[in-house]
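Single-structure report; data block below.
Numbering (the numbering used here), first residue to last: 30 to 366.
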């Protein structure tokens with residue numbers, strides 16, 4: 030089936046050599062299918078590598094009947110554009126922050142609330158697609174945007190990088206710090222004490238090099254693999270947000286798959302989620318050491334970092350803006366053990 034076009038209530042899904050490169054198969058059909066997966070990360074990062082692991086697992090479990098083609102480094106769009114591309118069906122998959130997915134269905138942004146999770150195990154239980162909280166929100170996401178989350182993996186814990194010594198929120202007064210351009214991240218950076226500047230990830234290295242922003246915040250693996258040590262001198266271990274990246278899939282594509290293909294994707298998702306989460310946790314110590322070897326000054330509690338001050342200020346800022354909207358969600362997260 031080449032150059033076929035199907036119009037859905039959410040937009041266009043184009044098959045064969047075009048956007049999705051996918052014939053919309055009927056239940057139980059068997060045919061070779063290629064699906065596109067776009068994301069913003071470098072292939073050598075764990076977030077980038079896990080997309081390849083997922084593609085390999087899907088190909089293996091479907092006997093090559095489904096091929097997933099990966100487009101890293103924001104080739105297919107910026108954060109917002111990638112989320113919208115999955116919604117319209119111009120690509121089948123992307124991984125993104127929960128806050129970005131919140132632009133399609135607002136409750137999802139709550140998953141990226143700073144200082145929300147007790148530890149990584151707690152985060153993974155909360156973001157498990159088989160769990161009741163995620164199932165409920167996934168149903169809302171499908172209804173609102175025509176997308177679903179097929180898995181979420183531990184993306185790391187976000188820390189601050191700057192070009193100056195920072196030990197408490199007051200040290201960031203007047204400093205311009207890049208924020209992911211969605212409300213919960215803007216509020217988090219403001220809570221840290223800085224002036225939040227919305228910049229898409231694809232533009233961050235240039236923004237740092239040219240002084241458009243003075244700092245940014247990301248997990249250690251991203252800081253390392255994006256070579257941010259080349260343009261930032263200090264790594265401030267605020268540990269303000271532990272996060273999962275959510276792998277989104279267009280729901281029309283999902284519904285068009287044969288049941289064995291759905292089962293294969295579900296199994297590949299579970300394997301990739303576990304592998305990526307384990308790899309990210311295992312890498313955190315070595316990534317920190319590598320950043321020190323590259324010359325970054327690490328600011329931790331031994332170096333005078335006032336973690337309590339950061340936690341208190343960020344929590345107060347988030348509470349001010351989001352408790353009324355996400356209070357029930359926070360209570361449900363707290364109850365998950």
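Just so you know, even glycine gets a beta-carbon here, dropped at the ideal spot from N, CA and C.
What's the call for residue i, buried or exposed, on a 16-neighbour Cβ count within 10 Å?
i           : result
residue 256 : exposed
residue 175 : buried
residue 73  : exposed
residue 357 : exposed
residue 321 : exposed
residue 316 : buried
residue 121 : buried
residue 330 : exposed
residue 353 : exposed
residue 141 : buried
residue 366 : exposed
residue 235 : exposed
Compare the Cα-Cα distances from residue i to each of the options and report the closest residue.
i           : options            : result
residue 211 : 231, 109, 298      : 109
residue 221 : 338, 121, 282      : 338
residue 69  : 61, 62, 79, 63     : 79
residue 224 : 252, 306, 214, 310 : 214
residue 179 : 312, 151, 115      : 115
residue 134 : 123, 177, 160      : 177
residue 124 : 305, 169, 193      : 305
residue 201 : 248, 334, 322      : 334
residue 93  : 101, 64, 229       : 64
residue 298 : 142, 111, 61, 97   : 97
residue 309 : 296, 353, 185      : 185
residue 24  : 127, 162, 270, 132 : Any question about residue 24 goes unanswered here, given that the chain covers just 30 to 366.
residue 118 : 127, 188, 87, 284  : 284
Roughly how many angstroms separate the alpha carbons of residue i and residue j, rounded to a whole number?
i           : j           : result
residue 158 : residue 207 : 30 Å
residue 172 : residue 280 : 10 Å
residue 196 : residue 216 : 20 Å
residue 83  : residue 199 : 43 Å
residue 219 : residue 343 : 8 Å
residue 226 : residue 242 : 7 Å
residue 100 : residue 323 : 29 Å
residue 66  : residue 326 : 36 Å
residue 282 : residue 95  : 12 Å
residue 291 : residue 91  : 10 Å
residue 247 : residue 267 : 11 Å
residue 240 : residue 183 : 31 Å
residue 260 : residue 237 : 6 Å
residue 153 : residue 262 : 32 Å
residue 51  : residue 75  : Model confidence at residue 51 stands at a pLDDT of 43, short of 50, so the residue's coordinates are unreliable and nothing is read from them.
residue 332 : residue 228 : 30 Å
residue 165 : residue 150 : 20 Å
Alpha helix (DSSP H) containing residue i: first to last residue?
i           : result
residue 207 : Note, residue 207: premise wrong, no alpha helix (DSSP H); beta strand (DSSP E) at 205-208.
residue 87  : 75-90
residue 106 : No alpha helix (DSSP H) contains residue 106, which DSSP labels as neither H nor E.
residue 284 : 280-285
Could you please give the first and the last residue of the uninterrupted beta strand (DSSP E) stretch that includes residue i?
i           : result
residue 188 : 176-191
residue 403 : Here the chain has residues from 30 to 366 only, and residue 403 is not among them.
residue 147 : Taken as a continuous stretch (DSSP letters only), residue 147 belongs to no beta strand (DSSP E), as it is neither H nor E.
residue 156 : Per DSSP, residue 156 belongs to no beta strand (DSSP E) and is neither H nor E.
residue 368 : With the chain covering only 30 through 366, there is no way to say anything about residue 368.
residue 67  : 62-67
Measuring from the CB of residue i, is there a heavy atom of the ligand MN at a distance below 6 Å?
i           : result
residue 107 : Ligands are entirely absent from the displayed structure, and the ligand MN is therefore not among its contents.
Extract the residue ranges of the beta strand (DSSP E) inside the stretch 198-272, only unbroken runs of 3 or more that lie entirely within it.
With a minimum length of 3 residues, the continuous beta strand (DSSP E) runs that stay inside the stretch 198-272 are 205-208, 224-227, 245-248.
Quick one: complete beta strand (DSSP E) runs, 3+ long, within the stretch 304-338?
326-328
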